[in-house]
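Undergrad:
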Amino acid sequence: MHKFVDFIPLLFYIRAYFYMTTNHQAMYSKTLTMKDVVAITGLSRPTLYQFIRSGELICYRPSKRKYAFLESDVNQFILNSRVKSIRKEEYDG
Numbered sequence: 001m002h003k004f005v006d007f008i009p010l011l012f013y014i015r016a017y018f019y020m021t022t023n024h025q026a027m028y029s030k031t032l033t034m035k036d037v038v039a040i041t042g043l044s045r046p047t048l049y050q051f052i053r054s055g056e057l058i059c060y061r062p063s064k065r066k067y068a069f070l071e072s073d074v075n076q077f078i079l080n081s082r083v084k085s086i087r088k089e090e091y092d093g
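Take the sequence shown: its position 32, counted from the start at 1, is 32 in UniProt numbering, and no numbers get skipped.
1. Between L79, V74, S81, which lies nearest to L32 when the distance is taken from Cα to Cα?
2. When we look at the beta-carbon of L48 and count the other beta-carbons within 10 Å, is it buried (16 or more) or exposed?
3. Provide the residue span of the alpha helix (DSSP H) that contains S44, from first to last.
4. Measuring alpha carbon to alpha carbon, tell me which residue in K30, T41, K35, D36 is nearest N80.
5. Determine which residues share a DSSP beta bridge with L70 and list them.
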């Protein structure tokens, strides 16, 4: 029991660290909607949904039916993507 009691504050520190790092990233990165990502990448919505399901494109769900993307995640997806139809020549990052 004593070891578990010492472990509880560690869980709170880990949770606080995770909260600070995710909010720090969101502060310095612009949030994009699905329409913005379609316009930037040139891919269709069903194709983007496939990338979301496979885990190649990271999204956040602020509500049940809404998708939100961080601009830094979309830029990383464009740079690392295997898809040839993405507009890499127009990407200035």
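Virtual Cβ for every residue (Gly too), placed ideally from N, Cα, C.
Being a predicted model, the structure only gives us computed values, none of them experimental.
TA: Looking at the atomic coordinates:
1. Your numbering for residue 32 matches position 32 in the sequence shown. Cα-wise, what sits closest to L32 is V74.
2. Indexing the sequence shown from 1 puts residue 48 at position 48. When all chains shown are included, L48 counts as buried.
3. Residue mapping note: residue 44 aligns to position 44 of the sequence shown, counting from 1. Premise fails: S44 is in no alpha helix (DSSP H) and is neither H nor E.
4. Translated into positions along the sequence shown, residue 80 becomes position 80. Among K30, T41, K35, D36, the Cα nearest to that of N80 belongs to T41.
5. Taking the first residue of the sequence shown as 1, we reach residue 70 at position 70. For L70, which the question treats as bridged, DSSP gives the partners T31.
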